[in-house]
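Note sheet for the following structure.
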Amino acid sequence: MRSFKAELVDSRRVGDLFWGRYRAEGLEYLQPGQFFQVGLERIDMFLRRPLSVAGFEDGLVDLFLRIKGRGTRAIAESSTLSLLGPFGEGFSLSGARRVLLLAGGMGIAPVRFLAQRLRRENREYRLVWGIRDGRYWQAFGDLVGDCEVLSEDGSVGRRGDVMGFLEEESGEGWDLVCACGPSGMNEAVLGWIKARGLRGQFSLEAHMGCGWGGCRGCWVRFAGRELYVCEDGPVVEVRGDA
Amino acid sequence: MLETEFLGRRLPTPFFIPSGIVGDVSRLQELDLSWCGLFVTKTITLHPRGGNEGIRVWDLPCGMLNSIGLANEGVEAFVRETLPKLASLEMEVLVSFSVYSEEEIPGFEGLFAQGLWAVELNLSCPNVQHGARGLIAQDPSLSHRLVRAVRRALHKDTALIVKLSPDVPFIEDVAEAVISAGASALTIANTFPGVAVDVNRGRFVFERVVAGMSGPAIHPIVLHRIWRVRSRVLDVPILGVGGVWNRDSALAMAMAGADLVGIGSALYHDPAVGSRIAREVEEFLQRQECTWTEVVGKAYGDI
Ligand SMILES: Cc1cc2nc3c(=O)[nH]c(=O)nc-3n(C[C@H](O)[C@H](O)[C@H](O)COP(=O)(O)OP(=O)(O)OC[C@H]3O[C@@H](n4cnc5c(N)ncnc54)[C@H](O)[C@@H]3O)c2cc1C
Ligand SMILES: Cc1cc2nc3c(=O)[nH]c(=O)nc-3n(C[C@H](O)[C@H](O)[C@H](O)COP(=O)(O)O)c2cc1C
Ligand code: FES
C-alpha cells in the first residue's frame, strides 16, 4: 500500500465544483475506475475521502469534485494532498469494441478517465452525460471533450437526462455499457441493460472508513449482490440475461 | 529496545492492531507491519453475520463512528479458512470472539481445540444487540458468569483476555469481576457509543442510531478508564487501546498503565502511523535511557 504526495499544478472552481490537476511523483499506472483515499496532513480530517481518478496523463492526476461537506471543501482548498492507493477494481475493457458511457452529474469523474483511455486506444465509444445545469459544463466540459450533454434545465446540450436518453436508445451495437451516476440512475441503467441482455459495468459509491478492506464499512447491495465497494468494486460487472 | 514480555511471550514491540481494524486478513500483506507486535482478529461470533444495514462509517473532526455490526464469517469458517491464513504471518495473533450467552460456548469448541496461546473475549461491542439492556460488559455479575464459563471451556494453557467497554461508571468493578472469574489480562477499551445526524438529510446517519466512536477524541477518556482500573488492580496486564495516533498519545497510554498499546482507527487516517510511532517511541526510550517496561505505569511515580 503506497501513498503519494500530490502537488496542485492547475485548478478551476465553479461554485461548488472543483477541478484540480496534481503532480504526483512515482505514480506509474492507473486504471479507469480506480480511486484514491485522499487525505490531508491534519488530524482534524480523520478519515480520508474516496475520490475517483478523473484523468491521468504525463504523470498528472486529475480530480473532479463536488464540494459536499467538510472533507471535500478542505481538499479543494489544499495545494498538497496525500493520495493513498490506487484502490479497487476498475473498468475492464477486454473484448469490448464499442462502448457506451453513461455519466450522471459527478459520475463524470471516472467516466472521463475511461473516455481518455478509450480515445488513446482508438476504441469506439459514445459518451452521454446528464447534468443538472450549466455549472457542470463550465467546470469540466472542456476536459471531458466529445460527448452528448443532457441538462435538466436545458442550458447546455439537449434538455433531458440519462433516463430519458435510455427510453429512446435501442441498445443495439454496444458490447459494453459503463455507467456512473446517482443510485437512481444506476438502477435505471441496470434495468435497461438487463432487459436487453447487454454487458454493463457500474461504478458504485459507499461511505468508506479505510478504502482497503480493513473496516468492513463500505457495504452495499446492488443488482442482487452484497458487496464491499472498496474490494469488490467500485466497478462491478453485471450481465443482462435477455 | 521495544521488545516486551506479555503473558509469557516475547513480543518484538508492545504495539498491536486491535480487533476489527483489519477485517480482511489477506490485506495484511499490503500493510507495513514491522512496527506491530501483535495482531488481533476481527471479532468472530458463533454464526456468520452480514453486519448492519445502511451507512456504516462516518468521519468526525477527530475520530470516527462505526456501525459495522460485527460482520464476520462465523467461528466455523474462521477455523477452516482464516486461521490457516494467519498461521503464515510472522506475528503473534490473538483471536477475538464474542458470545452472547453461556449456551453459545460449546459452539466454539472447534476454536478452543486449536491450542491457541490466548484469546480475546469481546464483551463490549456497541453495534449489536446483546439483549434487552446494554452490553454484557456493563453488567459485572453477568460478565463474571460468562467469563467463568468461557474459562472452563478453554484449554488450561490458553490465556483469556477480556475486552471491556469504557461506557460504564465504575470500570474497575467490571475489571475485578472478570479477573476473579479467570481473566488473565484486560483490553481497555472498546468504542464509546455515539450518535450522528446528517443535517442535510435531516436524519440519523446510522440505521441503529447508535454507533461506536474511536480515534483521537476518545484518548483522554480511555486514559481515565485505564487509570481507574490500574489504581485498583495492580498485577494484571492491560492492553490499552483508544485514540492513539502519535508518539505522545502512545507513551501517555503506557505511562498511565497500559502494558501494550493498540493503534486502531489511526491506521485509516494514515497506514504509516504505526511505524512512525514505533520509531519515535524507540528514539524517546534511547534518549531517556530506559526500557518500555520502565515506561509502563511511570505516571504513578514510585508505588
Ligand atoms: C469510489 C468512490 C469514488 C468517488 N469519486 C468521487 C469523485 O470523483 N468526485 C466527487 O466529488 N465525489 C466522489 N465520491 C464521493 C465523495 O467521496 C464524497 O462526496 C465525499 O466523501 C464527501 O465528503 P465531505 O466531507 O465533503 O461530505 P460530508 O457529507 O460532510 O461527509 C460526511 C461523511 O460521509 C462520507 N460521505 C458523504 N457522501 C459520500 C459519498 N457520496 N460517497 C462516499 N462517502 C460519502 C464522507 O466521506 C464523510 O465520512 C466518490 C465516492 C466513492 C465511494
Ligand atoms: C471499523 C472498526 C471495527 C471494529 N471492530 C471491532 C471488533 O470486531 N471487535 C472489537 O473488539 N473491537 C472492534 N473495534 C474497536 C477497536 O478494536 C478499538 O477498541 C477502538 O477502535 C478504539 O481504538 P482506536 O481509537 O485506536 O481505533 C472496531 C473499531 C473500528 C473503528
Ligand atoms: S472501506 Fe473499509 S472495507 Fe471498504
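Chains A and B, in that order, give the protein sequences. Heads up, the first sequence is in my numbering, so the first residue is 649 and it goes up one at a time. Heads up, the second sequence is in my numbering, so the first residue is 17 and it goes up one at a time. Glycine included, each C-beta is placed from N, C-alpha and C at the ideal position. What you are looking at is a predicted structure, and each value in this text was computed from that prediction instead of being measured.
Taking 8 angstroms as the threshold (beta carbon to beta carbon), is residue i in contact with chain A?
i, result
"R217/B", "no"
"R72/B", "yes"
"N82/B", "yes"
"C78/B", "yes"
"V178/B", "no"
"H240/B", "no"
"V38/B", "yes"
"G231/B", "yes"
"Y316/B", "no"
"D75/B", "yes"
"W243/B", "no"
"W261/B", "yes"
Hey, does residue i have any beta-carbon neighbour from chain B nearer than 8 angstroms?
i, result
"M856/A", "yes"
"E725/A", "no"
"M649/A", "yes"
"E879/A", "yes"
"R864/A", "yes"
"E874/A", "yes"
"G738/A", "no"
"G753/A", "no"
"G645/A", "This structure cannot speak to residue 645/A, because chain A is shown only from 649 to 890."
"G861/A", "yes"
"R867/A", "Contrary to the premise, residue 867/A reads as Trp rather than Arg in this sequence. Yes, because at least one Cβ of chain B sits closer than 8 angstroms to the Cβ of W867/A."
Report the residue from the options whose alpha carbon sits nearest the alpha carbon of residue i.
i, options, result
"L139/B", "T307/B, E69/B, D155/B", "D155/B"
"R246/B", "V225/B, L44/B, A201/B, G290/B", "A201/B"
"S104/B", "G36/B, L44/B, A205/B", "L44/B"
"G733/A", "D710/A, R690/A, L675/A", "L675/A"
"D286/B", "Y677/A, G845/A, G862/A, A836/A", "G862/A"
"P34/B", "E298/B, V297/B, I293/B, L283/B", "L283/B"
"M229/B", "R248/B, C78/B, L162/B", "C78/B"
"G39/B", "L27/B, F55/B, H171/B, R26/B", "F55/B"
"G857/A", "R847/A, W840/A, F850/A, Y876/A", "Y876/A"
"D823/A", "E705/A, R771/A, G755/A", "R771/A"
"G805/A", "A827/A, G755/A, G782/A", "G782/A"
"A724/A", "G703/A, L665/A, A763/A", "L665/A"
"L762/A", "R696/A, F683/A, V810/A, T728/A", "F683/A"
"R332/B", "D275/B, I242/B, F300/B", "No statement about residue 332/B is possible, as the shown extent of chain B runs from 17 to 319 and does not include it."
"E120/B", "E136/B, V135/B, C306/B, V91/B", "V91/B"
"S157/B", "V194/B, I242/B, T307/B", "V194/B"
"P830/A", "G755/A, G736/A, G703/A, L695/A", "G755/A"
"V883/A", "D889/A, G789/A, G848/A", "G848/A"
"A266/B", "T29/B, R167/B, F22/B, P100/B", "T29/B"
"S281/B", "I691/A, D658/A, R661/A", "I691/A"
Query raised in the report: Given a limit of 9 angstroms on CB to CB distance, which residues of the stretch 683 to 705 of chain A reach chain B?
Result: Q685, G687, E689, I691, D692, M693, F694, L695, R696, R697
Report task. Anything in the stretch 811 to 834 of chain A with a Cβ closer than 8 angstroms to a Cβ of chain B? List those residues in chain order, please. Result -> none
Report task. Could you name each continuous beta strand (DSSP E) segment of 3 residues or more that falls completely within the stretch 661 to 724 of chain A, going from the start of the chain to the end? Result -> 665 to 672, 683 to 687, 697 to 700, 703 to 705, 708 to 714
Report task. Entirely within the stretch 838 to 884 of chain A and at least 3 residues each: give me those beta strand (DSSP E) ranges in chain order. Result -> 847 to 851, 867 to 870, 873 to 876
Requested in this report: Using a Cβ-Cβ cut-off of less than 8 angstroms, give me the residues of the stretch 768 to 789 of chain A that come near chain B, in sequence order.
Outcome: none
Query raised in the report: Which residues, in chain order, does the stretch 112 to 139 of chain B contribute to contact with chain A at a C-beta distance below 9 angstroms?
Result: none
Query - Residues within the stretch 157 to 187 of chain B neighbouring chain A, beta-carbon criterion of under 8 angstroms - result: none
Query raised in the report: Which runs of the beta strand (DSSP E) spanning at least 3 residues fall entirely within the stretch 25 to 103 of chain B, listed in chain order?
Result: 25 to 27, 31 to 33, 54 to 56, 73 to 76, 79 to 82
Query raised in the report: Any residues in the stretch 42 to 67 of chain B with a beta carbon nearer than 9 angstroms to a beta carbon of chain A? Which ones, in chain order?
Result: S42, R43, E46, L47, D48, K58, G66, G67
Query raised in the report: Name the residues in the stretch 709 to 724 of chain A whose C-beta lies less than 9 angstroms from a C-beta of chain B; which are they?
Result: K716, G717, R718, G719
Query raised in the report: Of all the residues that make up the stretch 83 to 102 of chain B, which are near chain A by a beta-carbon distance shorter than 8 angstroms?
Result: I84, A87
**Report entry** Contiguous beta strand (DSSP E) assignments of at least 3 residues, all confined to the stretch 770 to 816 of chain A
**Finding:** 772 to 779, 796 to 799
**Report entry** Interfacial residues, the stretch 274 to 293 of chain B to chain A, with Cβ spacing under 8 angstroms
**Finding:** S281, L283, Y284, H285, D286, P287, A288
Requested in this report: Please list the segments of the beta strand (DSSP E) lying wholly inside the stretch 109 to 166 of chain B, counting only runs of 3 or more residues, in order along the chain.
Outcome: 134 to 138
Query raised in the report: What are the start and end residues of each continuous alpha helix (DSSP H) run of 4 or more residues lying completely inside the stretch 254 to 284 of chain B, in chain order?
Result: 263 to 271
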